[in-house]
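A short write-up of the structure that comes next.
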């Protein structure tokens, strides 16, 4: 019955807090923390994890840990996509290595004619 | 069989469960019970992983379409959601009490508590029905079926897709749970459970607590935070 009372109180708290705006991240964190406390109470007392064989608790905890890694790393990835796109634009032009932005084709015409009249590769003769 | 039950009456301690026997590959009844419980927990882990994938989708879409999610979630009725939370938590209490009553071979109390659990689950589904019909009426539907107007953001359909899939599959688990509770209630009425044998009640109880657990996370993440 104490468990039930605790769960009721926590439900009231979580609904009440949702009416107060403390900024999105804080609201989300509070909601998740209260939900986790409620979940632990249900798991420990209603589901007898606190008094059962320790292995059952290990099984349950392992799924929670896995979910943490799954959701956590996914969010790390997806929330930082596009974060460094602007850095790409400012990148210095390089010709070597994996980030080279200029390629060199040995059979292409050189981009600009030399001012001193050095011989240019043969162009199509205009005859 | 009759020898076992007269031995039961001789000790005067436990009555009932005359049909129960330990399967040949277990050394004792306790081992059998522990194995059953562990099996149920492994199943619950698969359920947690299943819903975990859906929660991950919720977080990803929330990250991508944050403004739409915040605007859309205001269309969910917090009071109905809170009422559903109270229903489920109370049903968890009555379920836990029913498991204890079955362990003490108190047939009438077990059946009564299981019936109350069943009714509370039904009440949850009734509230859900009203919520869903209101949404359908307003055109707040998933994905391409979304026809509501008056939204300043454009991805509210994504929020409602997530909402309907997650609460729908959770509701399906509630219906399955009601079936299991009914099965156990019928078995309890036939005097099958006692201190010697109440594993099925315990197992259904664990499943039901998990359904409550999932709602404990679903309610704040969909209704309160958006």
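Protein chains in written order, with the numbering used here: chain A, 11 to 137; chain B, 48 to 273.
The beta-carbon is built from N, C-alpha and C at its ideal position, and this holds for glycine as well.
Contacts of residue i in chain B (Cβ-Cβ under 9 Å)
i                    : result
residue 26 (chain A) : Going along chain B, no residue has its Cβ under 9 Å from residue 26 (chain A), so there is no contact; the nearest lies around 10 Å.
Simplified DSSP assignment, three categories, for residue i
i                     : result
residue 244 (chain B) : strand
residue 81 (chain B)  : helix
residue 225 (chain B) : helix
residue 197 (chain B) : coil
residue 114 (chain B) : helix
residue 214 (chain A) : Outside the displayed range of chain A (11 to 137) lies residue 214 (chain A), so it cannot be described from this structure.
residue 249 (chain B) : helix
residue 96 (chain A)  : helix
residue 75 (chain B)  : coil
residue 65 (chain B)  : coil
residue 70 (chain B)  : coil
residue 94 (chain B)  : helix
residue 272 (chain B) : coil
residue 127 (chain B) : helix
residue 215 (chain B) : helix
residue 31 (chain A)  : coil
residue 220 (chain B) : helix
residue 61 (chain A)  : coil
residue 121 (chain B) : coil
Proximal residues of chain A, C-beta to C-beta of residue i below 7 Å
i                     : result
residue 256 (chain B) : 52, 56 and 57
residue 132 (chain B) : 21
residue 139 (chain B) : 52 and 56
residue 143 (chain B) : 56
Residues that residue i contacts on chain B, provided the C-beta gap is smaller than 8 Å
i                    : result
residue 49 (chain A) : 260, 263 and 264
residue 69 (chain A) : 85, 88, 89 and 92
residue 81 (chain A) : 99, 102, 103 and 106
Own chain residues within Cβ distance below 6 Å of residue i, not counting five before or after
i                     : result
residue 189 (chain B) : 207, 208 and 211
residue 252 (chain B) : 142 and 146
residue 101 (chain B) : 213
residue 249 (chain B) : 146
residue 40 (chain A)  : 27
residue 195 (chain B) : 185, 186 and 187
residue 134 (chain B) : 167, 170 and 171
Per-residue contacts from residue i into chain A (C-beta, under 8 Å)
i                     : result
residue 125 (chain B) : 25 and 28
residue 267 (chain B) : 24, 28, 41, 42, 44 and 45
residue 81 (chain B)  : 63
residue 129 (chain B) : 21 and 25
residue 163 (chain B) : Going along chain A, no residue has its Cβ under 8 Å from residue 163 (chain B), so there is no contact; the nearest lies around 13 Å.
residue 272 (chain B) : 28, 34, 37, 38 and 41
residue 253 (chain B) : 57
Sequence-distant residues of the same chain with beta carbon closer than 8 Å to residue i, five excluded per side
i                     : result
residue 132 (chain B) : 262, 263 and 266
residue 73 (chain B)  : 79 and 82
residue 31 (chain A)  : 37
residue 75 (chain B)  : 69
residue 21 (chain A)  : 48
residue 158 (chain B) : 232, 235 and 236
residue 173 (chain B) : none
Neighbouring residues, chain B, relative to residue i (Cβ below 7 Å)
i                    : result
residue 88 (chain A) : 107 and 110
residue 16 (chain A) : The premise fails here: residue 16 (chain A) is roughly 10 Å from chain B at the closest Cβ pair, so nothing lies under 7 Å.
Other residues of its chain near residue i: CB distance less than 7 Å, five sequence neighbours each side excluded
i                     : result
residue 201 (chain B) : 115
residue 66 (chain B)  : 239
residue 60 (chain A)  : 54
residue 183 (chain B) : none
residue 94 (chain B)  : 257
residue 162 (chain B) : 232
residue 268 (chain B) : 105
Continuous alpha helix (DSSP H) stretch holding residue i: start and end
i                    : result
residue 85 (chain A) : 64 to 89
residue 50 (chain A) : 34 to 51
residue 28 (chain A) : 12 to 28
Neighbouring residues, chain A, relative to residue i (Cβ below 9 Å)
i                     : result
residue 96 (chain B)  : 73, 76, 77 and 80
residue 136 (chain B) : 14, 17, 18, 21, 48 and 52
Which runs of the alpha helix (DSSP H) at least 4 residues long sit entirely within the region 130 to 209 of chain B? Give them in chain order. 154 to 185
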